[in-house]
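Q: Sharing a structure with you now.
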Amino acid sequence: MKKKILITGASGFLGSHLCDRMIDEGMAVIGMDNLITGDLANIEHHFSNENFSFYHHDVSKFVHVPGELDYILHFASPASPIDYLKMPIQTLKVGSLGTHNLLGLARVKNARMLIASTSEVYGDPLVNPQPEEYWGNVNPIGPRGVYDEAKRFQEAMTMAYHNYHGVDTRIIRIFNTFGPRMRVNDGRALPAFFSQAIRGEEVTVFGDGSQTRSFCYVDDLVEGVFKLLMSEYTLPINIGNPDEISILDVAEEVMAIVNNPDAKIIFKGLPKDDPKVRRPDITKAKTLLDWNPKVVRSEGLQLTYEYFLKKLN
Ligand code: UDP
Numbered sequence: 060m061k062k063k064i065l066i067t068g069a070s071g072f073l074g075s076h077l078c079d080r081m082i083d084e085g086m087a088v089i090g091m092d093n094l095i096t097g098d099l100a101n102i103e104h105h106f107s108n109e110n111f112s113f114y115h116h117d118v119s120k121f122v123h124v125p126g127e128l129d130y131i132l133h134f135a136s137p138a139s140p141i142d143y144l145k146m147p148i149q150t151l152k153v154g155s156l157g158t159h160n161l162l163g164l165a166r167v168k169n170a171r172m173l174i175a176s177t178s179e180v181y182g183d184p185l186v187n188p189q190p191e192e193y194w195g196n197v198n199p200i201g202p203r204g205v206y207d208e209a210k211r212f213q214e215a216m217t218m219a220y221h222n223y224h225g226v227d228t229r230i231i232r233i234f235n236t237f238g239p240r241m242r243v244n245d246g247r248a249l250p251a252f253f254s255q256a257i258r259g260e261e262v263t264v265f266g267d268g269s270q271t272r273s274f275c276y277v278d279d280l281v282e283g284v285f286k287l288l289m290s291e292y293t294l295p296i297n298i299g300n301p302d303e304i305s306i307l308d309v310a311e312e313v314m315a316i317v318n319n320p321d322a323k324i325i326f327k328g329l330p331k332d333d334p335k336v337r338r339p340d341i342t343k344a345k346t347l348l349d350w351n352p353k354v355v356r357s358e359g360l361q362l363t364y365e366y367f368l369k370k371l372n
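What follows is the structure in structure tokens.
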């Protein structure tokens with residue numbers, strides 16, 4: 060019997076790559092998405108596959124799936140700062156009510172559930188790199204609070220279902236991830252820089268660009284999700300690439316790849332509560348999951364460039 064897996068956020072950036080991976084692993088995949096930020100183009104190559112089905116549904120409402128279910132991956136959520144500024148209530152609901160509904164589903168189906176948490180649970184961190192034991196520095200009522208607090212609630216609810224109801228749960232804290240199928244206009248740094256540079260527009264670096272991020276290529280992230288799902292580890296675990304770089308430097312790396320003489324860097328105001336540093340401590344993922352990112356940034360950026368070039372032409 061094939062293992063059956065429900066993937067929420069299936070038509071989004073990470074969700075669609077996870078659909079690909081789980082199909083390749085020989086599972087029967089049920090994709091679910093309300094399509095507010097997802098794009099069916101990311102999964103349409105599975106539509107003729109009998110091991111794939113899709114439900115257009117908002118998981119903040121009661122979720123029903125017929126038959127047995129072995130796994131649930133909860134990856135539905137607006138995930139870029141401009142998206143969750145535009146959709147603050149939906150962001151709060153999918154992380155809280157959506158998680159509650161899916162935990163209830165996991166409980167009745169006796170399914171193992173993995174939730175997508177985030178480095179945003181660390182907020183604007185006062186320690187760098189961030190180990191899983193760090194409790195974070197989050198402004199609950201700031202612009203990012205709708206995402207950060209939903210994800211923190213999501214972790215608390217997941218641990219409560221794990222401890223109180225014995226639901227088999229996994230929690231991944233995802234750091235900045237990039238690659239093909241990011242939305243051109245999602246407002247995040249790499250899609251913005253690539254699309255601006257390709258079009259020969261101004262490349263918008265916020266603040267002075269000295270804030271740092273650590274970018275993980277999507278294939279490495281997917282491998283981390285799979286390894287965690289198959290492991291017995293139930294506490295939160297960081298998955299990300301610890302190769303930290305300033306935003307100005309990464310903008311310059313993008314400009315060098317695109318090589319469009321019309322593109323110029325301009326500096327714009329730094330958004331409120333924008334984290335100044337971010338870098339995962341991945342000791343746990345290395346030792347407990349035997350996971351290590353393999354794709355270096357230059358290689359990942361090249362693959363991402365080729366995707367955006369095709370999308371924009
Ligand atoms: N950023 C930028 N220009 C842009 C978009 C983002 O300089 O056009 C900066 C942003 O202020 C942040 C970093 O790039 O410091 C990463 O932003 P992103 O939205 O990709 O994700 P975050 O890590 O902040 O959630």
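Each residue of the sequence shown is one higher than the last, beginning at 60 in the numbering used here.
Virtual Cβ for every residue (Gly too), placed ideally from N, Cα, C.
(1) Could you give the residue range of the alpha helix (DSSP H) that holds His104?
(2) Nearest by alpha-carbon distance to Ala175: which of Ala248, Gly246 and Thr228 is it?
(3) From the DSSP output, which residues share a beta bridge with Glu261?
(4) Taking Cβ positions, are Ser75 and Asn101 nearer each other than 7 Å?
(5) Along the chain, where does the alpha helix (DSSP H) that runs through Asp7 open and close?
(6) Closer than 6 Å: is that where the CB of Phe265 sits relative to any heavy atom of ligand 1?
(7) Give me, in chain order, the residues of the same chain whose beta-carbon lies closer than 7 Å to that of Glu192; leave out the 5 immediate sequence neighbours on both sides.
(8) Tell me the residue span of the beta strand (DSSP E) that contains Ser305.
(9) Kindly examine ligand 1 and report whether one of its heavy atoms sits closer than 6 Å to the Cβ of Ala251.
(10) What do you reckon, are the CB atoms on Gly195 and Tyr276 nearer than 7 Å?
(11) So if DSSP puts Pro339 in a beta bridge, which residue, or which two residues, is it bridged to?
(12) So what does Gly90 bridge to, in DSSP terms?
(13) In chain order, which continuous runs of the alpha helix (DSSP H) of length 4 or greater are located wholly inside the segment 197-283?
(14) Could you check whether the Cβ of Ala248 sits closer than 6 Å to any heavy atom belonging to ligand 1?
(15) How about Arg39 and Glu303: do their beta carbons lie closer than 7 Å?
(16) Where does Pro125 land, buried or exposed, given buried means 16+ other C-beta within 10 angstroms?
(17) Count the other CB atoms within 10 Å of the CB of Ile223; is the residue buried (16 or more) or exposed (fewer)?
A: Here's the rundown:
(1) Per DSSP, His104 belongs to no alpha helix (DSSP H) and is neither H nor E.
(2) Thr228
(3) Lys323
(4) In this structure, Asn101 lies closer than 7 Å to Ser75 by Cβ.
(5) The displayed coordinates of the chain run from 60 to 372. Any statement about residue 7 would go beyond what the structure contains.
(6) The answer is yes for Phe265.
(7) Excluding its 5 nearest sequence neighbours in each direction, Glu192 has no C-beta neighbour in its own chain below 7 Å.
(8) Glu303 to Ser305
(9) yes
(10) no
(11) Gln189
(12) Ile66 and Phe113
(13) 204-224 and 248-258
(14) Relative to ligand 1, the nearest heavy atom lies less than 6 Å away from the CB of Ala248.
(15) Nothing about residue 39 can be read from this structure; the chain reaches only from 60 to 372.
(16) Burial call: exposed.
(17) A small correction: the amino acid at residue 223 is Tyr; Ile does not occupy that position in the sequence shown. Answer is exposed; the Cβ neighbour count stays below 16.
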